[in-house]
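Note sheet for the following structure.
2 protein chains.
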Amino acid sequence: MVSLKDISKACGVSVATVSKALNDHSDISQETKKHVREVADKLGYRPNAAAQALKTNRTNNIGVLFVDEANSGLTHDYFNHVLDSFKRTAEENGYDITFINSGNKRLNNMSYLSHAIYRGFDGIVIACVDFSDPQVDELIKSEIPVVTIDHLFYNRTAIMSDNVNGINELATYVYEQGHRKIAYIHGKESGMESSVTKSRLSSFYKTLQDLGVDIPDEYVPAVPYRDTDAAYEATIKLLDLKEPPTCIFYPDDFAAFGGINAIRKRGLRIPEDVSVVGYDGIELARKISPILTTMVQDTEQIGSVAASKLIDLINNPKGTIVEQVVVKGNIERGESVARIS
Amino acid sequence: MVSLKDISKACGVSVATVSKALNDHSDISQETKKHVREVADKLGYRPNAAAQALKTNRTNNIGVLFVDEANSGLTHDYFNHVLDSFKRTAEENGYDITFINSGNKRLNNMSYLSHAIYRGFDGIVIACVDFSDPQVDELIKSEIPVVTIDHLFYNRTAIMSDNVNGINELATYVYEQGHRKIAYIHGKESGMESSVTKSRLSSFYKTLQDLGVDIPDEYVPAVPYRDTDAAYEATIKLLDLKEPPTCIFYPDDFAAFGGINAIRKRGLRIPEDVSVVGYDGIELARKISPILTTMVQDTEQIGSVAASKLIDLINNPKGTIVEQVVVKGNIERGESVARIS
DNA sequence: AAAATCTACTAAATCGTTTTCGTAGTTTCA
DNA sequence: TGAAACTACGAAAACGATTTAGTAGATTTT
């Protein structure tokens, strides 16, 4: 590898001068800068990230913690869209993205925090994890700049999808279409309730209460997120009630697919007999017939705001205010909710 | 940060001894090792990746290039499953995963190769890119260990999903169900044909030829991958032929959703009137009704084999043979192909 | 013309590791 | 008992960059 020393020899100037020339310091003449840069190009010089990091304590590398119970969040279509957008914004700003993990055998079973310190990440973004994990807590309490997505920690910047408004818009829309018997098969995590779930659920109750609609308890069962089979079962139960709902909300579009199957299995039509509402706005939701009524979360915005805010924090660790950014989604009215009278 | 020097002071031994003790060298006594490790733990020591990399020329970091036209491959459900599996295997072996990118403004608009050298990746995995990109070519020709996924380069190890066998199994199955008028709306990339497309197409022709089935040219239109709208249009055209097919293959499950919509729009039933065959085996394919007949690509295996082979190459850059690994998929017979007589 | 100020550069320390080469001190062997 | 062989450790160089403090020489100021 060609290093500063090689350039310095080829140019007949000191290593210090080469470094400064390449970094455009003010105490180097224009001619020298030009010359050094030409020679650097000619020799095919590329800086060495490790050496730079060692010296400057900056890696220009951001750690990403996207882990759900089963897999990494990579296969989760909401989170991978968020990550995709995050990555784009980060890279535009000169940062690379590396996944944080734990339990590395080579490294003494490092925790998330140890791993982050080991790699020297300038900042960290956390999403889609079990937020009650003590290792996550350790990260949150560390010195490293952190933003979280869809979860609010004390004293940490958070980017949140606007679940309160999302459910509110959906519920209001459904109400306006004439529905009064509205069920909400809502999501649940394996552990305790997440803030996402809580926000949505309370918004659901609040919205309908404000509209004067009463929701019986059996209209609000819980199933795991993205579990089509559980959603199927829960739907069957709802349809079997003496007073079945005319419209069913699902925790996510994925689960809604399970519900759709259940409804059709019962020989009922969508939306004429039962209306269906999803959440997320995954690509396929718009590709099926009827087009799914759902809340399209603004993954683009969430990801890029998260990256920008994190970079702000990195560049100004003490001065930047901790904030909570709420990103609104866009309702997709679709075709799966009927107008009834 | 606590460094070897701190431990060395606390233990009353030299830095060299500390390093060797932690790395379990043989010329350090058991007692010293024990003592050093205890003190290291007590002080909360974590190695510094940058310093290690600088000294050893090993980063334990693998570069990932997953880019398609629009986005990173992150939002592509086949590739993100592959990546997820790759990541898991790599991490189990002590490697981290960082995305390769190019055009970083901070770094003089680095190419992929420059970026890889800058970060000192021990190895690189390439998938889902425009393989005709000169920058990709530069990577392939570099000194860095590389494996590619679903594309074969001369002199580089490649992991390929078995598209020949995949299409063969599907076509044979459909034939056995009695179909003779079989169309294949096949995928096409924006640039030239990829090896994936070529393999599938030639396997389709070969299989049916061997079975004595004749395929008219108008049965084999091309549409972009994952484009539901284009698949919709192509399907409509097929249905409008004087002799419409009884079964239609799609480039992927996604596109198949477009086809399903078209068929239903025409008032036809699936599979009674028209049978549908996808490719990929995305999660939702099993969640719709009728369950989609498709080829489930073994993303788990592809990802983990890619990681293992890459790590072999890293550990033995010269000795390891370049190979081409073909990974078979599993047919999902589903419910979208009818038995006809 | 001496003093002060600039300009453009360099030497050297440093970041945190790893590794080579020595070397005291102990044990083994002839 | 002296030579050979081990054992357990340390000093120092090196990896490739950045940065501080210093300094010749030219230029400006008084």
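Protein sequences, first through last, are from chains A and B.
First residue of the first sequence? That's 1 in our numbering, and the numbers climb one at a time after it.
First residue of the second sequence? That's 1001 in our numbering, and the numbers climb one at a time after it.
Virtual Cβ for every residue (Gly too), placed ideally from N, Cα, C.
I believe residue i touches residue j by the beta-carbon criterion, under 8 Å. Please report the beta-carbon distance rounded to the nearest angstrom.
i                  : j                  : result
Leu1113 of chain B : Glu1091 of chain B : Incorrect: roughly 25 Å between the Cβ atoms, too far for contact.
Leu1065 of chain B : Val1129 of chain B : 6 Å
Asp1253 of chain B : Asp1280 of chain B : 5 Å
Gly1267 of chain B : Met1295 of chain B : Not a contact, Cβ separation roughly 29 Å.
Thr1235 of chain B : Ile1215 of chain B : With a Cβ gap of about 17 Å, Thr1235 of chain B and Ile1215 of chain B do not count as contacting.
Val13 of chain A   : Tyr45 of chain A   : The Cβ separation is near 14 Å, so there is no contact.
Asn60 of chain A   : Asp24 of chain A   : Actually they are not in contact, since the Cβ atoms of Asn60 of chain A and Asp24 of chain A sit about 17 Å apart, beyond 8 Å.
Ala231 of chain A  : Ile185 of chain A  : 6 Å
Asn104 of chain A  : Gly1303 of chain B : Rounded, the Cβ-Cβ distance is 18 Å, inconsistent with contact.
Given that residue i touches chain A, what residues does it touch there, using C-beta distances under 8 Å?
i                  : result
His1151 of chain B : The premise fails here: His1151 of chain B is roughly 21 Å from chain A at the closest Cβ pair, so nothing lies under 8 Å.
Leu1239 of chain B : Per Cβ cutoff of 8 Å: no residues; Leu1239 of chain B is ~16 Å from chain A at best.
Tyr1118 of chain B : Arg46, Pro47, Asn48 and Ala49
Gly1094 of chain B : Asn104, Lys105, Arg106 and Leu107
Asn1080 of chain B : Leu74, Thr75 and Asn80
Leu1083 of chain B : Leu74
Ser1114 of chain B : Arg46
Asn1261 of chain B : Lys287, Ile288 and Ser289
So, is residue i buried or exposed, given that buried needs 16 or more other C-beta atoms within 10 angstroms?
i                  : result
Leu1241 of chain B : exposed
Thr56 of chain A   : exposed
Lys1005 of chain B : exposed
Lys1309 of chain B : buried
Asn355 of chain A  : Nothing about residue 355 of chain A can be read from this structure; chain A reaches only from 1 to 341.
Ser1132 of chain B : exposed
Gln1209 of chain B : exposed
Met110 of chain A  : buried
Glu1176 of chain B : exposed
Tyr1154 of chain B : exposed
Asn163 of chain A  : buried
Val1147 of chain B : buried
Glu1323 of chain B : exposed
Gln30 of chain A   : exposed
Gly1319 of chain B : exposed
His81 of chain A   : buried
By the three-class DSSP mapping on this structure, what secondary structure does residue i have?
i                  : result
Leu1292 of chain B : coil
Ala338 of chain A  : coil
Glu169 of chain A  : helix
Asn80 of chain A   : helix
Thr98 of chain A   : strand
Phe1086 of chain B : helix
Gln135 of chain A  : helix
Tyr184 of chain A  : strand
Thr148 of chain A  : strand
Val2 of chain A    : coil
Gln1177 of chain B : coil
Ile1028 of chain B : coil
Leu268 of chain A  : coil
Leu1211 of chain B : coil
Ile331 of chain A  : strand
Gln297 of chain A  : coil
Val220 of chain A  : coil
Is the CB-CB distance between residue i and residue j below 7 Å?
i                  : j                  : result
Lys1009 of chain B : Ala1021 of chain B : no
Pro145 of chain A  : Ile314 of chain A  : yes
Ile159 of chain A  : Arg200 of chain A  : no
Ala1050 of chain B : Leu292 of chain A  : no
Lys1188 of chain B : Ala1222 of chain B : yes
Val1276 of chain B : Ser1203 of chain B : no
Asp1150 of chain B : Val1196 of chain B : yes
Ile7 of chain A    : Gly63 of chain A   : no
Going along chain A in order, which residues have a C-beta closer than 7 Å to the C-beta of residue i?
i                  : result
Phe1257 of chain B : Leu284, Lys287 and Ile288
Ala1021 of chain B : Neighbours of Ala1021 of chain B on chain A: none; closest Cβ ~13 Å, over 7 Å.
Thr995 of chain B  : Beyond the ends of chain B as shown, which are 1001 and 1341, falls residue 995 of chain B; an answer cannot be given.
Lys1005 of chain B : Neighbours of Lys1005 of chain B on chain A: none; closest Cβ ~14 Å, over 7 Å.
Please determine whether the Cβ atom of residue i lies at a distance below 6 Å from any heavy atom of the ligand NAD.
i                 : result
Thr320 of chain A : With respect to the ligand NAD, the structure shown offers nothing to examine, as it has no ligands at all.
Residues of chain B with CB closer than 7 Å to the CB of residue i, please, in chain order.
i                 : result
Lys181 of chain A : Result: empty, since nearest Cβ-Cβ is about 25 Å, beyond 7 Å.
Ala53 of chain A  : Ala1050
Name, please, each residue of chain A whose Cβ falls closer than 9 Å to the Cβ of residue i.
i                  : result
Ala1171 of chain B : Those within 9 Å of Ala1171 of chain B in chain A number zero; the least Cβ separation is about 25 Å.
Arg1264 of chain B : Ser289
Phe1066 of chain B : Residues of chain A passing the Cβ test: none, with the nearest at roughly 10 Å.
Thr1098 of chain B : Asn61, Asp96, Ile97, Thr98 and Phe99
Which bits of chain B does residue i rub up against, with CB to CB less than 9 Å?
i                 : result
Thr235 of chain A : Per Cβ cutoff of 9 Å: no residues; Thr235 of chain A is ~13 Å from chain B at best.
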